[in-house]
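Working notes, beginning with the structure itself.
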Amino acid sequence: CKCKLSCRDISHMMIKLHQEFSQLDGNAQGNYLFGLVDVLHIGRRRFKTYEEAGQSRRQVTVSYTVPNGEGGFHKVCKQTFMNIFGIQSSKRLENIVKKKKAGETTFK
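Quick look at the structure:
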């Protein structure tokens with residue numbers, strides 16, 4: 038991908054992450070993805086067509102991370118995240134974000 042997050046730097050980890058992920062059962066996969074997706078408050082709002090922050094349809098920023106193999110995490114774009122874990126539809130990620138916004142701590 039050509040995004041500013043330099044997703045191509047983790048190409049050596051993609052196959053390993055996909056293989057490990059595919060060996061998990063459905064519930065474990067959900068919990069694994071749940072831990073890699075972060076829902077953050079908007080850093081700076083830019084008011085244009087609405088007067089109050091609640092009127093904006095964008096209320097949070099979603100951040101996607103993957104393990105870098107050295108004990109840390111590497112931030113990636115949504116498309117790379119979906120490609121690594123073989124997610125065909127963004128509906129699965131939307132459900133995770135919805136649960137995180139609701140304050141849930143695990144995926145069930």
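Numbering-wise, my numbering comes out as the position in the sequence shown, counting from 1, plus 37.
Beta carbons are placed, not taken as given, at the ideal position from N, Cα and C, and that holds for glycine.
Nothing here was measured: the structure is a model prediction, and the numbers come from that model.
Is residue i helix, strand or coil by DSSP?
i     : result
Ser59 : helix
Lys39 : coil
Please determine, among the options, the residue with the shortest C-alpha to C-alpha distance to residue i.
i     : options                           : result
Gln60 : Gln96, Gly123, Val97 and Lys115   : Gly123
Asp46 : Arg129, Thr142, Val113 and Gln125 : Val113
Gln66 : Leu130, Gly140 and Lys135         : Leu130
Ile79 : Ser100, Gly72 and Met119          : Ser100
Ser48 : Asn64, Leu73, Gly106 and Arg81    : Gly106
How is the alpha helix (DSSP H) around residue i delimited, first residue to last?
i      : result
Lys136 : Lys128 to Lys138
Phe118 : Lys115 to Phe122
When you compare the CB positions of residue i and residue j, do they come within less than 8 Å of one another, or not?
i      : j     : result
Phe110 : Thr98 : no
Lys128 : Val76 : no
Thr142 : Asn68 : no
Ile121 : Leu70 : no
Pro104 : Leu42 : no
State the start and end residues of the unbroken beta strand (DSSP E) segment that holds residue i.
i      : result
Ser46  : Note that residue 46 is Asp in the sequence shown here, rather than Ser. No beta strand (DSSP E) contains Asp46, which DSSP labels as neither H nor E.
Thr143 : Element bounds for Thr143: n/a, residue is neither H nor E.
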